[in-house]
Every structure is written in C-alpha cells, then in structure tokens.
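Residue numbers (this note's numbering): 154 to 543.
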C-alpha cells in the first residue's frame, strides 16, 4: 500500500510544475515572429545538417558571414537528453537571403573543425515538427540559463541503463526506503513507445534525491535482472519537463483523468479557458457499454499549447464539483487508437437531446411509469385513453 501511491498506473505523470512554453515566447527576428505555431514555413528558414557537436550559434554566424543574422535566429537541435544532434534551423531576413544561404551547401564549416562540410537545405512541410521541437528546446534551455543557481536544487533524479523491461513498480521497489512524490516515476520511451532505458524519479525534496544518488548510484537494480547496475544523475525539473514534452508534446494531445461523469465538453473547455483547443478537440473515453470513464483526450492547436496547458495538472475541475481535481498527461495519438471515444459533437448532441445523460425516450418512459404508480392520476390517464364518443 505504501508503494502503490507512487505508481499512478501506466499513465502516471508528474509534470505538475508551472512551465512557460514556447508558445509564450514570440522572438522577433527582423520582422519574423516565432509564434505559438513555431518557426514559420515561409521560405525564410533553412535547415543545416552535419554540424560538429561542439558548434555554437557564433560558429553558425561565422559560417554565414555577410548575411543579416542574429544569434537568437539560430536554433540548434538536440536529442531529448540534451546532447546536440548536429542539426539546426536558421531564420534569415527574407526568403531571398535564405535561398542565397542554401548555396553554401557542402561548404567547409570552419577552420577549427577541419575539412568538415555541412549541408544547407530549404525547409519543407516534413520539417515542421522538428522546427517546433527546436523552438521548445531553445525555450527550455533559456529558462534553465536564467536560473543556474537552481539547476540541482530540484528533487528530480534521472536513471540511466535501466533494463528495457523494467516497470514503474520495479523502480519504486528499488527506492523502497525513499520518499517519492505521488505519481513520481516516469519511464522515458521512444516515439514508437519502446523504452529508452531511462526514467525520471521525483522525490519529496532535494535532500532525499541527493541521498538516493549517494546510496543507490552504480548499484544493482534488481536480482531478477541479474547483476545489472544503474546510474543516477540529479537533474533540474526543467530538463525532465523538456524531455517529456519533446517525447509527447509533438502531437499536442493531453490525456485528462478524474473528469466528473456528468461533465460535458463545454465543462472541459471551461476548465481550459485561455488555452487554444482545436474544434472537435475533446474526445471522451467510454466503456464498451457506453458509460463514461471519467477520462478524455484534449487536442490543442499546437504542441506548445499542450505543454502550456500542463499548468492545469491537478487543478480543481470546477466549484460545482467540489474539491475534485483532474490529472493531465502528455500522450501520443497512438493512445487514442486503443479505446472507444465519444467525439465532442456527439457529447454535445447527447446532452442537448437528454436530461442528465438520459435520452428523451427514457425520460418519457420514466414519467409514464411514475404516473401509473400514482392512483390520483388514474382517472386522468383513463380519460385520455378512452375519449368520449360523439
């Protein structure tokens, strides 16, 4: 029992802290705005590949010497764990400048990197998701950079070298003498939902996280996995958020749990007032017999908006429902294919045609039965059933 409170099921998520998403940032680069939808596919952005991992924005500026360019116009791509992946997106003053920049394709990047050349391409529709991820990564990096003194004052520990078939419960048992936050274990998986061998664990306080590293780093994970040991690293909460956002935030979908059974799509939109949800963007998860499960999927207009909406995790659903709160988790679209869904329009029509979820035919049948059970109404009913003859 003491362990189960940490698990939170397969959908456990603990990204509860308020975060500022890329949608809140609107850099202006010579008239081009990096708005909530990310970098614009308007011909002003080029993609670079083959960059040295140690390359900086200043190195990219030097490569494009003679062009109108600022360091904040350069978005270096990174792997989810923060390592550079050798790619970047660069925003130029206009489409003509960007076209001229592509003529530097296959040129040597810089003397200090030897004879290494880089590729420079125009951006395509297929690059949009990567462009959005680049904006999100840079936003998170900037937030971390403004608070270096707190990088390791959070209570989050990253585990590496986990067995691929390790579960949340295995991790909880590994830390059985430590205090974890509720839903404090999150396995990191790839886009195909396969494990990466990494996880984040959120402890009750930074001191507990530091003690976990001292006592459990480089220790055997579990006897059932043999003599395999794991590595522990104390990381910032923003790193955890960035990793999980990049993994799940790219599709702009949240899974919501704890919805009152009588709540409607309008109630859900009211809960997310101020956040941009797609039209028909609310899908309720139903039992096979049509009863609500208290869960739904919410599709936002952009991935960054979904990440921003995580601010509402564990917020109260509404005063009319008392202290009931809802839990939120960033998920991929593949989760929606596993369950029976009721779309927003279907939910609205049901409520318009029903009374507290009972359709009109059911309501009429209930009213008739109530009348038959009331002796005082029998004369009226009999008169209606046997009209006088002319």
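We treat Cβ as the ideally placed atom computed from N, Cα and C, and that holds for glycine. If you're wondering where the values come from, they're calculated on a predicted model, not measured in any experiment.
(request) Taking 8 Å as the threshold, find out whether the region 366-377 comes into contact with the region 420-432 through three or more Cβ pairs. (result) no
(request) Name the residue from 479, 370 and 286 whose alpha carbon lies nearest to the alpha carbon of residue 404. (result) 286
(request) Compute the Euclidean distance between the alpha carbons of residue 488 and residue 476, then round it to the nearest angstrom. (result) 28 Å
(message) Buried or exposed, going by whether 16 or more other CB atoms sit within 10 Å of the CB of residue 317?
(response) exposed
(message) What would DSSP say about residue 460, mapped onto helix, strand or coil?
(response) helix
(request) Please classify residue 413: does DSSP put it in a helix, a strand, or coil? (result) coil
(message) Helix, strand or coil, according to DSSP, for residue 315 in the structure here?
(response) coil
(request) Under 8 Å by Cβ, that's how I've got residue 496 and residue 386 pegged, so tell me the actual separation to the nearest angstrom. (result) Between residue 386 and residue 496 the Cβ distance is about 43 Å, and since that is not below 8 Å, they are no contact.
(message) Quick check on residue 573: does DSSP put it in helix, strand or coil?
(response) Given that the chain is displayed from residue 154 to residue 543, the structure contains no residue 573 and the question cannot be resolved.
(request) Tell me where the beta strand (DSSP E) around residue 348 begins and ends. (result) 348-356
(message) Between the region 270-277 and the region 202-209, can you find at least three pairs of beta-carbon atoms closer than 8 Å?
(response) yes
(request) Less than 8 Å between the CB atoms is what I'm expecting for residue 331 and residue 361, so what's the real figure, rounded? (result) 6 Å
(message) Please return the same chain residues whose Cβ sits closer than 7 Å to the Cβ of residue 196, not counting the five positions on each side in sequence.
(response) 248 and 251
(request) Answer with buried or exposed for residue 419, where buried requires no fewer than 16 other C-beta atoms within 10 angstroms of its C-beta. (result) exposed
(request) Determine the contact status of residue 437 and residue 393, defining contact as a CB-CB distance below 7 Å. (result) no
(request) Tell me whether residue 192 sits in a helix, a strand or coil according to DSSP, three-state version. (result) coil
(message) Rounded to whole angstroms, what is the Cα-Cα separation between residue 465 and residue 319?
(response) 30 Å
(message) Checking 7 Å against the spacing of the C-beta atoms, do residue 408 and residue 482 come in under that value?
(response) yes
(request) Starting from the C-beta of residue 473, find all residues in its chain whose C-beta is less than 7 Å away, skip the five residues before and the five after it, and write them out in chain order. (result) none
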